[in-house]
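A.B. asks: One structure, as structure tokens, below. Some questions next.
Structure representation (structure tokens):
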């Protein structure tokens, strides 16, 4: 474990019974008490997640907008200060480098949040793409800690620790202001499908923020939640996880994220030609979501068969939905096979897949 | 840390066995095993009447993390399985030595249980 990176909350997790595992090279809590219970607590009340392993990058300079329009598939020109945008970032092939959040702080001043496992790859890619743009990229990953407070009680809990009126911060918006006296970027975003906030703050204040949120949250039913619950919550919400539903081989169109690919945004972004062709020709395969009506978990890489038993795809993510009490998952399936029945074999038992348009459960998140 | 009741016998593969007064043996997985697996989501058990040799896999215990085989500590015939685990597999997490039992076995030879680990010896395995 000695080579694993640690977030500033590593000792906080250990002190609260977190089960620490290697996640993308980071020593992170997969669970504290129970993945299933933490999941249900987030849907019912609130959970506190440490996601300080995520990467942050400042993108500044007169060419920042033009650069970001070239770099990502969604339309960054639609942003205004205080607005957040989700976007994939693609290769010329249309395959996905990463998916990220773009924060607009001001004209020529943007801030990106990228996946922990992709920080080095993304930075190299982003620097390569910056040639010819008047823009400065700064890796801020070591400067920021990041915690997420997610769930129907999140707003009440965070509001108790900040003078900033959170009612004015809508979904996918942010403000900068103090939380228990610590300067934070307060973002109404998350990865659970619930209302909630992600708080970016200086590493030195991480323990103070986590202690304060936990103390303020416990009376409202908040619990610490690990990466295990984070994964089942995002899958139940139908959100992609890089390396599963999105990858160098899976384009955002294949992943069902056409709403994030703005072919007509008036800028020739990396991957546009390939994605336009994929749109016109129709994708050869598609990411779909399924449930089985059975408790056996259908794990990633399980082959998917058509009614004749021929292989037509593979599972990308799978877990047990703690709310539905049945296996749910995502799969990459040949488009031609989607009209016919699909099945998997789990230890000798054939289970039929029932395709579902996510989310799998009704979500109550704040709308924009 | 984990509980190891002194009146049970144990296999190195983390099953427990309890000889009952009627000559049958109850089998389950240990507190250490359930804690290592995490949230148990599914338990697959054999049919009543199945003949097991010592070390045979008798089923699968699945958690959010992984699916693991479970093994017969001694030879025998399955005379009952814990049907309630089909709907409430979390009983194995909550109460591994009682409500979370898995099999009732009619031992081929009750003396086989003597060759299993006692609580003190299993404590060494599960630490």
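Protein chains in written order, with this note's numbering: chain A, 1 to 368; chain B, 369 to 495.
The beta-carbon is built from N, C-alpha and C at its ideal position, and this holds for glycine as well.
#1: Does residue 468(B) get closer than 8 Å to chain A when you measure Cβ to Cβ?
#2: For a contact defined as C-beta to C-beta under 8 Å, what are the partners of residue 347(A) on chain B?
#3: So the candidates are 152(A), 39(A), 53(A) and 249(A); which of them puts its Cα closest to the Cα of residue 6(A)?
#4: In chain A, what lies closer than 8 Å to residue 432(B) by C-beta?
#5: Judging by CA-CA distance, which residue of 392(B), 462(B), 383(B) and 436(B) is the nearest neighbour of residue 479(B)?
#6: With respect to the beta strand (DSSP E) encompassing residue 12(A), which residues constitute its N-terminal and C-terminal limits?
#7: When DSSP builds the beta bridges, which residues end up paired with residue 184(A)?
#8: Who are the near neighbours of residue 431(B) in its chain, counting only those whose CB is closer than 7 Å to its CB and skipping five residues on each side?
#9: One question on the structure: do residue 481(B) and residue 394(B) come within less than 8 Å of each other, judged by their Cβ atoms?
#10: Terminal residues of the continuous alpha helix (DSSP H) containing residue 259(A)?
#11: Would a check of beta-carbon distances place residue 476(B) closer than 8 Å to chain A?
#12: At 3 residues or longer, and completely inside the stretch 281 to 316 of chain A: list those beta strand (DSSP E) runs for me, N to C.
#13: List the endpoints of the continuous alpha helix (DSSP H) containing residue 490(B).
#14: So does the stretch 100 to 118 of chain A actually touch the stretch 256 to 274 of chain A, counting three or more Cβ pairs closer than 8 Å?
#15: So, does the stretch 280 to 287 of chain A touch the stretch 211 to 226 of chain A, judging by three or more C-beta pairs under 8 Å?
#16: Rounded to a whole number of angstroms, what is the C-alpha to C-alpha distance between residue 175(A) and residue 65(A)?
#17: Nearest chain A C-beta to residue 390(B) closer than 8 Å, yes or no?
#18: Tell me whether residue 347(A) sits in a helix, a strand or coil according to DSSP, three-state version.
#19: Along chain B, in chain order, which residues have C-beta atoms closer than 7 Å to that of residue 376(A)?
#20: Determine contact between the stretch 193 to 206 of chain A and the stretch 325 to 345 of chain A, defined as no fewer than three beta-carbon pairs at a distance below 8 Å.
#21: Taking CB distances under 8 Å as the criterion, tell me whether residue 1(A) reaches chain B.
#22: Can you name, in chain order, every residue of its own chain whose Cβ lies under 8 Å from the Cβ of residue 177(A), other than the five neighbours on each side?
#23: Quick one: what does DSSP say residue 470(B) is sitting in, helix, strand or coil?
#24: Give the single residue among 129(A), 87(A) and 313(A) whose Cα lies nearest to the Cα of residue 259(A).
#25: Can you give, in chain order, each stretch of the alpha helix (DSSP H) that sits fully within the stretch 382 to 443 of chain B and has at least 4 residues?
#26: Here's the rule: buried if 16 or more other CB atoms are within 10 angstroms of the residue's CB, otherwise exposed. What is residue 341(A)?
#27: Tell me the DSSP secondary structure of residue 476(B) in three-state form.
#28: At 7 Å on the CB atoms, spell out the chain A contacts of residue 409(B), in chain order.
#29: Which residue wins for smallest C-alpha separation from residue 120(A), given the options 56(A), 179(A) and 69(A)?
#30: Quick one: give me the first and last residue of the alpha helix (DSSP H) that residue 39(A) is part of.
#31: Give me, in chain order, the residues of the same chain whose beta-carbon lies closer than 8 Å to that of residue 414(B); leave out the 5 immediate sequence neighbours on both sides.
#32: Just the Cα atoms here: how many angstroms apart are residue 130(A) and residue 26(A)?
#33: Would you check if the stretch 27 to 43 of chain A and the stretch 122 to 129 of chain A touch, i.e. whether three or more CB-CB distances between them fall below 8 Å?
#34: Can you give the Cα-Cα distance for residue 495(B) and residue 50(A), rounded to whole angstroms?
C.D. replies: In short, the structure shows the following:
#1: no
#2: 412, 428 and 435
#3: 53(A)
#4: 35, 36, 228, 232, 297, 319 and 320
#5: 392(B)
#6: Note, residue 12(A): premise wrong, no beta strand (DSSP E); alpha helix (DSSP H) at 10 to 15.
#7: 177(A)
#8: 405, 406, 407, 408 and 409
#9: no
#10: That residue, residue 259(A), is in no alpha helix (DSSP H); it is neither H nor E in DSSP.
#11: no
#12: 285 to 291 and 303 to 305
#13: 487 to 493
#14: no
#15: no
#16: 20 Å
#17: no
#18: coil
#19: Because chain A here runs from 1 to 368, residue 376(A) falls outside it and cannot be looked at.
#20: no
#21: Any reading at residue 1(A) is ruled out, since the residue's pLDDT is 44, under 50, leaving its predicted position unreliable.
#22: 162, 163, 164, 183, 184 and 186
#23: coil
#24: 87(A)
#25: 399 to 405
#26: exposed
#27: coil
#28: 295, 297 and 320
#29: 56(A)
#30: 35 to 44
#31: 420, 426, 427, 446, 449 and 471
#32: 28 Å
#33: no
#34: 29 Å
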